[in-house]
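First up is the structure itself, then whatever we jot down about it.
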């Protein structure tokens, strides 16, 4: 919580571990560099990074050519602070996304972004990025898939909520459903353990484009790696009669 | 398959059993009066019922005052045949919904409807109705919930598809996610067993407005009853900071 230098070090170590395991797309949790449970806006700002902070360069320099990393951070944007995700490659910064659906007390610390998820052209393809609560709005993953996202990177911090025995976290169920509805593989990186009395779900998982769990964190912590064999991002066909996108009736959804 | 008189008898017996168990809303599967695996349009038409067919009166007459039944049927609409659901009460017919997202060979037999789910004011409240594949388009349950549906009646015929060991049917996961995203309880009535070589999922289940399974058919068959304690249909609040609907950013979803 708030130990930015140590957190950047932890992100770099995790990225290095993922790269060593062969990962081409690496996703770190929401607010990975800052911690989550801020007491006030001043804390969120104190742990924030500007986009041009030189400390980002160390993370980019760790990335081999062709590898993309998505890292959640508290973004110092001058007069405003955002809950953001940086999209990084060896060449540097490819872009940033600012969370637009703020959860809980976040609205005390962060301004909302002005896009419902975003797409970035990267060395690993057209990458959708959303953050945590964004994905609980079915419109968000749907919109990104319709815009041609090939995979969705989803940094999250899921507070642990009650669920019936034997059930997955509800947010996981929602991500599985969204993945299946739009054939959009989804890479979730969650916080784990607890922080200032908030227990986390540890829902880190990789969901394939049929909506099934390809890999999930054992006990909620640690590196999760999977190889996703993706179809073309505009192939939503269900032969011989159906197609997940062409079967839509957008004229009827108003 | 095609034995309309026997199927109406089975629907009446099932409705009577549900009413005896205290049900106020009774949902029968998609195409309950006709069978599903038609060889051609002539079969779908031969097993079809007109809305004014006098055989509907027997089902309505079985319903106590205040009870609503939703029954899937093949609808003879003169020049066209639809995959429809009738909404019935003791006073008679409250309305009909025609499936607008057709699955598989259905497009050989049925014309598509011109609404993406529909809402009916009934003695049990504002009732959303969609049919099977309709609900795999996240726009459909979302639209119905935003329009004030208090519960969703979902007649389905889910062909059994491959799924990883230990997983629920993917359509169930999608319905759970949709229920949670919009706080929309969902009553699913599925076909079971097999018909003309097609195996069915037997996914009959009642999902509460948190997205959890309140009751499900043991072995896929038989009557499933649950008491749903619903919040007000426009109460989507997540105190103290959030609200599933007010947190939407529809200006960003285009």
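Protein chains in written order, with UniProt numbering: chain A, 1 to 254; chain B, 1 to 254.
The beta-carbon is built from N, C-alpha and C at its ideal position, and this holds for glycine as well.
Interface criterion not met: the Cβ of residue 57 of chain B is under 8 Å from no Cβ in chain A. Around the C-beta of residue 218 of chain A, fewer than 16 other C-beta atoms lie within 10 Å, and the residue is accordingly described as exposed. Residue pairing of residue 74 of chain B in beta bridges, as defined by DSSP: B/83.
When the alpha-carbon of residue 76 of chain B is set against those of B/126, B/69 and B/111, the nearest one is in B/111. Taking 8 Å as the threshold, the shortest C-beta distance from residue 247 of chain A to chain B falls below it.
The criterion of a C-beta distance shorter than 8 Å is satisfied by residue 116 of chain A and residue 249 of chain B. Residue burial annotation: residue 193 of chain B is exposed, with fewer than 16 other C-beta atoms found within 10 angstroms of its C-beta. Assignment of residue 97 of chain B by DSSP, reduced to helix, strand and coil, places it in the strand class. Contact between residue 208 of chain A and residue 216 of chain A is absent: CB atoms are separated by about 12 Å, not below the 8 Å threshold.
For the pair of segments examined, the segment 126–135 of chain B was found to touch the segment 146–158 of chain B: the number of CB pairs separated by less than 8 Å reaches three. Sequence-ordered contacts of the segment 136–149 of chain A with chain B read 136, 137, 138, 139, 142 and 143 [C-beta pairs closer than 7 Å]. Membership of residue 186 of chain A in the beta strand (DSSP E) is indicated by the continuous run 186–189. Assignment of residue 122 of chain A by DSSP, reduced to helix, strand and coil, places it in the strand class.
For the segment 176–208 of chain A, the residues whose beta carbon sits under 9 Å from a beta carbon of chain B are, in order, 176, 177, 178, 180, 181 and 182. At a C-beta separation below 7 Å, residue 36 of chain A has no neighbours in chain B, since its nearest C-beta there lies roughly 15 Å away.
With a threshold of 8 Å between beta carbons, residue 82 of chain B makes no contact with chain A.
In the three-state reduction of the DSSP assignment, residue 200 of chain A falls in the strand class, which pools E and B.
Per DSSP, the continuous beta strand (DSSP E) segment holding residue 213 of chain A begins and ends at 213–216. Where residue 25 of chain A is concerned, the enclosing beta strand (DSSP E) starts and stops at 25–27. In this structure, residue 41 of chain B and residue 81 of chain B form a Cβ contact; the two beta carbons are roughly 7 Å apart against a cut-off of 8 Å. Think of a sphere of 9 Å around the beta carbon of residue 104 of chain A: the chain B residues whose beta carbon falls inside it are 238, 240, 241 and 242, in chain order. Cβ proximity to chain A below 7 Å picks out 100, 101 and 103 from the segment 86–103 of chain B. Residues of chain A whose Cβ lies closer than 7 Å to the Cβ of residue 164 of chain B are, in chain order, 212. Taking each of A/39, A/87, A/67 and A/30 in turn and checking the Cα distance to residue 108 of chain A, the smallest one comes out for A/39. Within chain A, 252 have C-beta atoms less than 7 Å from the C-beta of residue 115 of chain B, given in sequence order.
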